[in-house]
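Residue numbers (the working numbering), protein chains in the order written: chain L, 1 to 332; chain X, 1001 to 1332; chain C, 2001 to 2332; chain G, 3001 to 3332.
Worksheet: one structure, shown below.
There are 4 protein chains.
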Amino acid sequence: MSWFEESIMARKGVAQGKTLETRTITEAEQGDYPYIYTAGIDPVLRVDPGTVVSAETHDAFEGAIQKETDVPTEILNFPFLNPQNGPIYVNGAEKGDTIAVYIESIVPRGPQPRGTTVIMPEFGGLVPTFETALLTQPLPEVVRKLDITVEEGTKWNDQISLPYEPFIGTIGTAPEAEAISSLVPDYYGGNMDLPDVAPGAVVYLPVQTEGGYLFLGDCHAAQGDGELCGVAIEHPTVTTVRIDLIKNWSIRTPRLENKDFYMTVGSARPMEDAARGAYRELIRWMAADFGFDEIDAYMLLTQCGRVRLGNMVDPKYTVGASVLKSIIGIAD
Amino acid sequence: MSWFEESIMARKGVAQGKTLETRTITEAEQGDYPYIYTAGIDPVLRVDPGTVVSAETHDAFEGAIQKETDVPTEILNFPFLNPQNGPIYVNGAEKGDTIAVYIESIVPRGPQPRGTTVIMPEFGGLVPTFETALLTQPLPEVVRKLDITVEEGTKWNDQISLPYEPFIGTIGTAPEAEAISSLVPDYYGGNMDLPDVAPGAVVYLPVQTEGGYLFLGDCHAAQGDGELCGVAIEHPTVTTVRIDLIKNWSIRTPRLENKDFYMTVGSARPMEDAARGAYRELIRWMAADFGFDEIDAYMLLTQCGRVRLGNMVDPKYTVGASVLKSIIGIAD
Amino acid sequence: MSWFEESIMARKGVAQGKTLETRTITEAEQGDYPYIYTAGIDPVLRVDPGTVVSAETHDAFEGAIQKETDVPTEILNFPFLNPQNGPIYVNGAEKGDTIAVYIESIVPRGPQPRGTTVIMPEFGGLVPTFETALLTQPLPEVVRKLDITVEEGTKWNDQISLPYEPFIGTIGTAPEAEAISSLVPDYYGGNMDLPDVAPGAVVYLPVQTEGGYLFLGDCHAAQGDGELCGVAIEHPTVTTVRIDLIKNWSIRTPRLENKDFYMTVGSARPMEDAARGAYRELIRWMAADFGFDEIDAYMLLTQCGRVRLGNMVDPKYTVGASVLKSIIGIAD
Amino acid sequence: MSWFEESIMARKGVAQGKTLETRTITEAEQGDYPYIYTAGIDPVLRVDPGTVVSAETHDAFEGAIQKETDVPTEILNFPFLNPQNGPIYVNGAEKGDTIAVYIESIVPRGPQPRGTTVIMPEFGGLVPTFETALLTQPLPEVVRKLDITVEEGTKWNDQISLPYEPFIGTIGTAPEAEAISSLVPDYYGGNMDLPDVAPGAVVYLPVQTEGGYLFLGDCHAAQGDGELCGVAIEHPTVTTVRIDLIKNWSIRTPRLENKDFYMTVGSARPMEDAARGAYRELIRWMAADFGFDEIDAYMLLTQCGRVRLGNMVDPKYTVGASVLKSIIGIAD
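Written out as structure tokens, the structure reads:
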């Protein structure tokens, strides 16, 4: 994990990226799983920087879709989707700081783990929705329940299996004044559905309010770019993250670092605005911390910037823009 | 006011659109002006259907910008803009009902009423913003303070005066689970900045939660379509509305009625999605209440539908789609 | 027609807005109706500034849809829609000039004039299209044939008639190098579907190439804002326009003037870009010709600008932004 | 090249993907480099399926920007950018067929090859443009001239070099009726700026008109996702492609195949429409040629689809959607 020792989390974190303590959030400890990002809920846990937390996450439907004959619209109670673990209060976190979350592992939960994907009306990238409101009739509702193992991944059918490439679909801090649905991604993180938020990555999240109020949930066993029909392979997990705090590092939107690259995340509509937001923030980061002139960074990213489409289905679309560490090097 | 007697409010309201009681919300009675739409705040008033409420509204800056040499970014504390009156709890309102608000009058408040408009960075329809994030430098900050009278309107300069055409910029009910900034327009109303929300109109707002929790504020003395630079002629007012409740009329997004037309309101990005949402809802309304086949309504609106651009500057753009009463007649 | 004497066309046109000659383009004189905007087609007519031209226009389907049992997809040969009259070569027109077109009249053509509107797959504002490509099934194809008279308008059914409010759906000049389908609106005009392009208005079109190459067609007997299903009341007409030439007045996109207002036209996707383009050009016009500072114009239009949605169905959406003459006065 | 033997080009091409003849298009043979995609230009070459063509391409500025002190707006003559080689008439090609282009190699041209990138007003992803028209002042114009070698790539500065990863920025066939600027990407290909159009890939292009009329040019030595400032590392090359013809395989938009994946390409605004178009076409391809049910393909791509952002700067944005061959296997 040598790259990690050079990470921003390790270099600037209050706990220097180290594990000082371990905690759990079991289903019982969580109790009610919140559906909104807000500092108005009592924390389920208070941790110091340097704490590893293992959380029992629910799938996006809180397990309510159990078999392929279930009818989503009869079972689900919109907008109560995407149950979250948390909030986790990070001691010492103040507005203007940044919470760093190193994702240690995600493993499927339950004796015979199954994933769930569905097609439901008014949701998805290639159907009319509440936002893109058209008159044509919805597609039929479909539920797929799929066996998952860490070794063999998700078994789609006899010919096709998808590798187990888990990530956290929804992670973020509480907005300062608002309370936002866990279906929405925005400046504080939330439902980004960005596959890079995976084991081995550090996510940086802006602290808007004392304690930060970290939430996470909605883990996916596999997902393509864009999460096209709106529902990846949703599954319950044990997700283990190490939490640190970077004082006086003020970021406007989520950032991410792994062994290969630095990434900024934009969530907006239309999609070009998500891309613009991600790229502008990456330029500003390169200027603030990596010694680039803004115009030079703009021109360089033209030649080597990378774009990852997170979701094209949520109330805001999410785009990650990144630059390889091998190109821009390490900050001071 | 004969058209009003045929309005949906008069025909279906619990109080039949009548005034049964009058109340006030003075500055003192309001106390703190909320900046979010939520049922999590104690109501400032509880009213029965048939109550007229006169509210002392603040301007969008809560009066903080007092002279033309003020610098908005030094004074304003984003996102604490658009202070609201309310919430008003409407007795008997339950999820699935609709609150009807007839706007009786809006008058400028204060001994020498002045309006305020400003240009500030990262806000406006023709500049880079947080959402449309670009690299070019912002325009200079500008503050204009303008005299307003009901009779002569807003005096722009010696040559130009704009008639006093006041309306409520921000009005809506509380979301079911979320708490949303009063800068945002959405399905529950909010910061629509739609000039048709003016004296003589009835606004219909969906009830998401018991009591509805009605908010209003951000009155404008004049505004063009789109509210181009993001700040209309903001001014403090006494705004008087009559509130009624329509039981078991479930609407998905705000609607509006005046002597001439029926209107639906869509708020979304990109702007075509706001227009799609407004028009689809208008078609569904015509089908549900006016005897049209959906396809026939779709074709007819192609020939006579009208579009009003509310804002092109807020986190979601707002479009009103309407059809003349003279064309589609009155529902039974 | 006193306002016209003060119009830009009358004040700056080579022919001072006057009629010096009259010409026709009958069906026989037109011969083949072009489907593209290009200077690569031989002009059907060469005129001096000051010429009135009466053109026999076809409907958008070149009359191919004759009865309500016709099936559009069996009859139409996409992209050969929107047949145009022209091109008309304007003597003396050079790149950097502007052609002014005063619309004298539009009258239905044929002994028993009928209008046509249709719903067809992959076309319209509330259905999946080639551009907004979704998976849901198209609506059924529908054809409506409707009687039209100048006096009584379009008879929709026994209850509903729409006033005859004709306008030119598609008008423009040839691009400099390209040849663009008459289904597309853009900087040179084209398929704007903007109801303000009506009798009594002057349209100003940029000259990109020697002679300008003016095209027009696709007249509508009625249309709502946005042309929602994609097909207004299409009808054949005799359309009469007076053509003048303004030397050395270089405009970037179409403009329009009538007795009430000055308008600029933007065509783009997403729709906010059409609105931005129209408003920016209006600001530049106010700065160049009406003595405004750009920032002042930006703030003033925030308070009194008006937006007209032309189409929300064509390959680019069209928005007109306007300001009342009563507010900004007349240029010297 | 075993994967190639299983490619669609090799299995279905008239020449079975083989080289039967070789030709050149030198600068002298090309003569004038066209700036539009059209069948209205005389072919520079007529080839049978199975022909390899080596073309001397110009950079996007036709070499006009020669040193870093040049000022683009003084030198360039918009819209005469992106000079193309061609058109190449493919014998036997008819509407409804597909031209297959296997990209054999791209090498820098000239004794001391240099690449060019610039920042110019009204062009780029993070600045106001003609389409996204704002009022803020443009960035300063900047020209960078950079040494390129195949081995060491593009030398950005003493610390940073970018590997030589060349691709064809602009490639396509002639539209049926239109003549479109080589700055625009669309259903026939054109200015897609998609880095996957690289040596080792096969591009499939729809034939709209007899002979197909193949154009190509605008090669880049390196480019990031989105081509952020609008100008990649532009350089003159010798580009060598093998051309085949697939009869009676009708595709609506460009497709691409390499050893790893099948890709469809969407070009549209807003960006979500480009992504929708690419993904819908990929689903239809999987249904038509790979035995999938459409709904099943939609759900599977949700879990494993991949998105590549080509450009976020051209008149239409370009997105490639792909699926790994290892997942969906090979068509019969």
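For glycine and all other residues, C-beta sits at the position ideal for the given N, C-alpha and C.
query                                                                                                                              : result
Contacting positions in the segment 274–299 of chain L - beta carbon closer than 7 Å to chain G                                    : Ala275, Arg276, Tyr279, Arg280, Ile295, Tyr298, Met299
Within 8 Å of chain G by C-beta, residues of the segment 2026–2054 of chain C in sequence order                                    : Tyr2035, Ile2036, Thr2038, Gly2040
Closer than 9 Å to chain L by CB, Ala2268 of chain C                                                                               : no
Cutoff 9 Å: Pro1315 of chain X Cβ touching any chain A Cβ                                                                          : The chain labelled as chain A is not found among the protein chains of the depicted structure, namely L, X, C and G.
Terminal residues of the alpha helix (DSSP H) in which Lys12 of chain L lies                                                       : 8–12
Reference Asp1032 of chain X; option with closest CA among X:Phe1080, X:Ala1015, X:Lys1018                                         : X:Phe1080
Delimiting residues of the alpha helix (DSSP H) encompassing Leu1282 of chain X                                                    : 1271–1289
Bridge-paired residues (DSSP) for Ala2268 of chain C                                                                               : C:Tyr2317
Segment contact, 8 Å Cβ cut-off, at least three pairs: the segment 230–242 of chain L with the segment 259–273 of chain L          : no
Three-way DSSP call (helix, strand, coil) for Pro121 of chain L in this model                                                      : coil
Spatial neighbours of Gly3189 of chain G in its chain, beta-carbon cut-off 7 Å, leaving aside the 5 residues before and after      : Ile3171, Gly3172, Thr3173, Leu3205, Pro3254
Residue-chain proximity (Glu1131 of chain X, chain L), Cβ-Cβ < 9 Å                                                                 : yes
The segment 81–99 of chain L in contact with the segment 125–145 of chain L per 3-pair CB rule at 8 Å                              : no
Residue of L:Val238, L:Lys12, L:Ala221 minimising C-alpha distance to Phe25 of chain L                                             : Checking the sequence shown, residue 25 of chain L turns out to be Ile, not Phe. Among L:Val238, L:Lys12, L:Ala221, the Cα nearest to that of Ile25 of chain L belongs to L:Val238.
DSSP-derived helix/strand/coil call for Asp332 of chain L                                                                          : Confidence in Asp332 of chain L is poor, its pLDDT being 40 and thus under 50, which makes the residue's placement unreliable; the coordinate value appears in the next sentence. The answer is coil: DSSP assigns Asp332 of chain L none of H, G, I, E or B.
Short-range partners of chain X found in the segment 2128–2162 of chain C, where Cβ spacing is below 8 Å                           : Leu2139, Pro2140, Val2142, Arg2144, Thr2154, Trp2156, Gln2159, Ile2160, Leu2162
C-beta neighbour in chain G for Val231 of chain L, strict 9 Å                                                                      : yes
Chain C within 9 Å of Ala1010 of chain X, Cβ atoms only                                                                            : no
Touching by the beta-carbon criterion (3+ pairs, under 8 Å), the segment 2240–2254 of chain C and the segment 2118–2128 of chain C : no
Residue closest to Ala1039 of chain X, alpha-carbon to alpha-carbon, out of L:Asp293, L:His235, L:Glu178                           : L:Glu178
Residue from C:Lys2018, C:Arg2114, C:Ala2288, C:Val2207 with nearest C-alpha to Val2241 of chain C                                 : C:Lys2018
Cβ contact check for the segment 3296–3303 of chain G and the segment 2292–2300 of chain C: 3 or more pairs under 8 Å              : no
Residues, ordered as in the chain, of the segment 70–81 of chain L that lie near chain X by beta-carbon distance below 8 Å         : Pro79, Phe80
is_contact[Ile180 of chain L, chain X] using C-beta, thresh 9 Å                                                                    : yes
Under the three-state DSSP convention, the category Ala15 of chain L falls into                                                    : coil
Beta-carbon proximity check, Gly2217 of chain C vs Thr2057 of chain C, cutoff 9 Å                                                  : yes
DSSP state of Gln2112 of chain C mapped onto helix, strand, coil                                                                   : coil
Proximity of Asp1158 of chain X and Gly1320 of chain X at Cβ, strictly below 9 Å                                                   : no
Residue range of the alpha helix (DSSP H) that includes Gln2030 of chain C                                                         : 2027–2030
Where Asp3186 of chain G falls, given that 16 or more other Cβ within 10 Å makes a residue buried                                  : buried
Proximal residues of chain C, C-beta to C-beta of Ala3177 of chain G below 9 Å                                                     : Tyr2035, Ile2036, Pro2079, Phe2080, Ala2179, Ser2181
Reference Cys1304 of chain X, options C:Leu2309, C:Gly2305, C:Gly2063, C:Asp2244, closest by Cα                                    : C:Leu2309
Lys95 of chain L, buried or exposed, once every other Cβ within 10 Å from all chains shown has been counted against 16             : exposed
First and last residue of the uninterrupted alpha helix (DSSP H) at Leu3301 of chain G                                             : 3294–3304
Pair within 9 Å by beta-carbon distance, Val90 of chain L and Asp42 of chain L                                                     : no
Glu56 of chain L: first and last residue of the uninterrupted beta strand (DSSP E) it sits in                                      : 51–57
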